[in-house]
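Per the UniProt record's numbering, the very first residue in the sequence shown carries number 1; after that it's consecutive. Reading through the structure tokens given below for one structure.
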Amino acid sequence: MSTPKENKQKDVFNDPEKLVLDSTLRPETWEEYIGQQIIKDNLKILLTAAKERGHVPEHVLFYGPPGLGKTTLAHLIAKETGSQMKVTSGPAIEKVGDLASILTNLSSGDILFIDEIHRLNKTIEEVLYPAMESRVLDIIIGKGPSARTIQLELPSFTLLAATTRVALISSPLRSRFSGGVFRLEFYTDEEIKQILRRSAKLLGVNITEDALSEISKRSRFTPRTANYFLKRCRDYAQVKKQELNNDMVTDALSLLEIDAFGLNSYDRKILEIIIDKFGGGPVGASTIAAAMAEEISTLEEVHEPYLLRMGFIERTPRGRVVTKKGYEHVGYDYPENRQEKLL
């Protein structure tokens, strides 16, 4: 007799449209969610204690780089508590009326998930404070001397929020997440391999262990990137009518211009421009962005963190500097007098 889990997997394989959805690979239990062990342990205690007291869980904020599983944790909390989850995002809530509509349509015990909460308008934040603390919504009716305030009671709900830029969230809003503020860390290669192994099974992909290791090594310590690479490698092996082995992975990722360290062509171009145009640095981020005809936010938030983490560049008070490792990676000779020039 097949289990519900097995039946779900069969349904996924019978529906080609579902195979392309990231939600297909989303973990459904704490055991399936790999990594972030400290956060999981804290959340289990938070949820269990709330359940035993008969209360809704307290508000929780997740932050960290994109693709580490913030949204997945929110879905897991909703599933574990058996709650309905309403999903929105900071940019989608443009007016106070939008937030009021969302809050008044919640039922008791519901979860409201706001992604990219740092992009909420400050005026909307002010309305959110009493809703989070006292479960009330203050609405102003009218304008001028005749204006009056109406206070609406809200049902008990839990606010789960996620952001990639926690520093942009105001201190009063951060302090109201009484359940905790949790930072998601990058994953280890072994954790990425476990995630890829599970994803390959769900997608019905046969892949060798060395191929798993190769994808993991280039995935920038991020599950979303790893799953993306797995799907592209699957496509490549399928078209080539070959087994998904290490050679197929190497060829597929080379086609995507992903090198052995996980750098793409844009990352390497950043290193080359700093070396060619600015003598290896130091140079400011705005100057680099202008030289590449790119937004400075894209440079600082998408590409620079990984180059820093891998030790290809350094940030100094005078600007960005390419390291010896960075020179060697893009095939340049590291100048012998380089350190003297930086002094």
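All C-beta atoms in this analysis are idealised placements derived from N, C-alpha and C, irrespective of residue type, glycine included.
Measuring alpha carbon to alpha carbon, tell me which of the options ends up nearest residue i.
i	options	result
P155	S134, H329, S286	S134
F312	K201, T287, G262, K277	G262
K122	V96, Y63, L61	V96
I77	V330, L46, I102	L46
A237	T208, I39, S170, S297	T208
P172	L128, T164, R198	L128
Q84	G279, G109, G64, I102	G109
F182	M292, H59, A92, T48	H59
T24	S89, R198, E94	R198
E185	E31, Q36, T29	Q36
K269	Y228, E314, I102, H329	H329
G280	R315, E32, P145, S219	R315
H118	T163, T48, A49, F62	T163
P27	Q194, A260, R220	Q194
residue 346	H55, W30, I34, V56	Coverage of the chain is limited to positions 1 through 343, which leaves residue 346 absent and any answer about it impossible.
F221	L196, V239, K240	L196
E301	K324, T104, D267	D267
L103	Q151, G82, V249	Q151
Can you give me the C-alpha to C-alpha distance between residue i and residue j, rounded to a whole angstrom?
i	j	result
N42	Y327	43 Å
residue 358	D98	Here the chain covers residues 1 to 343 and nothing more, so residue 358 does not appear.
R53	L160	20 Å
L21	E126	With a pLDDT of 45 at L21, under the threshold of 50, the modelled position of that residue is not reliable, and no figure is offered here.
E336	L256	34 Å
M310	L271	13 Å
E304	I124	32 Å
P66	P223	10 Å
D247	L230	14 Å
A334	Q242	Sequence check: residue 334 is Tyr here, not Ala. Going by the C-alpha atoms only, they are around 41 Å apart.
K201	D276	45 Å
M132	C233	45 Å
I39	K217	24 Å
L307	S107	45 Å
M292	V166	27 Å
K10	Y332	Here K10 scores only 38 on pLDDT, less than 50, and its place in the model should not be relied on; the value that follows carries that caveat. Using only the alpha carbons, I get a separation of about 51 Å.
N206	L244	7 Å
G204	Y228	15 Å
L299	A290	10 Å
L168	T158	22 Å
S101	I140	14 Å
K5	E32	Low confidence applies here, because K5 scores a pLDDT of 43, under 50, leaving its location unreliable; read the following figure in that light. Rounded to whole angstroms, K5 to E32 spans 12 Å at the Cα level.
N14	F62	A caution first: N14 carries a pLDDT of 40, below 50, which makes its placement in the model too unreliable to give a value.
P130	S170	15 Å
S254	D235	14 Å
D251	S219	15 Å
A260	F278	26 Å
T225	I296	22 Å
A50	P57	5 Å
E153	V87	21 Å
T149	N105	20 Å
I288	S265	15 Å
T48	P91	33 Å
I258	I34	25 Å
G64	I273	28 Å
K325	S89	40 Å
I93	L120	7 Å
E294	V239	34 Å
H55	P145	41 Å
If I follow the unbroken beta strand (DSSP E) through residue i, where does it start and stop?
i	result
K86	85-89
residue 376	The requested residue 376 does not occur in the structure, where the chain is confined to residues 1 to 343.
I313	313-316
Along the chain, where does the alpha helix (DSSP H) that runs through residue i open and close?
i	result
residue 416	The requested residue 416 is not part of the displayed model; the chain covers only 1 to 343.
R320	Per DSSP, R320 belongs to no alpha helix (DSSP H); it is in the beta strand (DSSP E), 319-322.
I274	265-278
R232	223-240
residue 349	What is shown of the chain runs 1 to 343, which leaves residue 349 out entirely.
R53	37-53
N246	246-255
Would residue i count as contacting chain C if we go by Cβ distances under 8 Å?
i	result
A260	Of the protein chains in this structure there is only one, and it is not chain C.
Three CB pairs or more closer than 8 Å across the stretch 200-217 and the stretch 167-178: no
When you compare the stretch 187-194 with the stretch 71-85, are there three or more beta-carbon pairs, one atom per stretch, that lie closer than 8 Å? Judged by Cβ distances under 8 Å, the stretch 187-194 makes no contact with the stretch 71-85, as fewer than three pairs qualify.
Count the CB pairs spanning the stretch 273-284 and the stretch 313-322 that are closer than 8 Å, and state whether there are at least three. yes
Could you say if the stretch 112-119 and the stretch 76-94 meet the contact criterion of at least three C-beta pairs nearer than 8 Å? yes
Entirely enclosed beta strand (DSSP E) segments - the UniProt domain "AAA+ ATPase" (56-186), minimum 3 residues: 60-63, 85-89, 111-115, 136-141, 148-153, 158-163, 180-183
Ignoring anything shorter than 4 residues or poking outside the stretch 190-217, list the alpha helix (DSSP H) runs there in chain order. With a minimum length of 4 residues, the continuous alpha helix (DSSP H) runs that stay inside the stretch 190-217 are 209-217.
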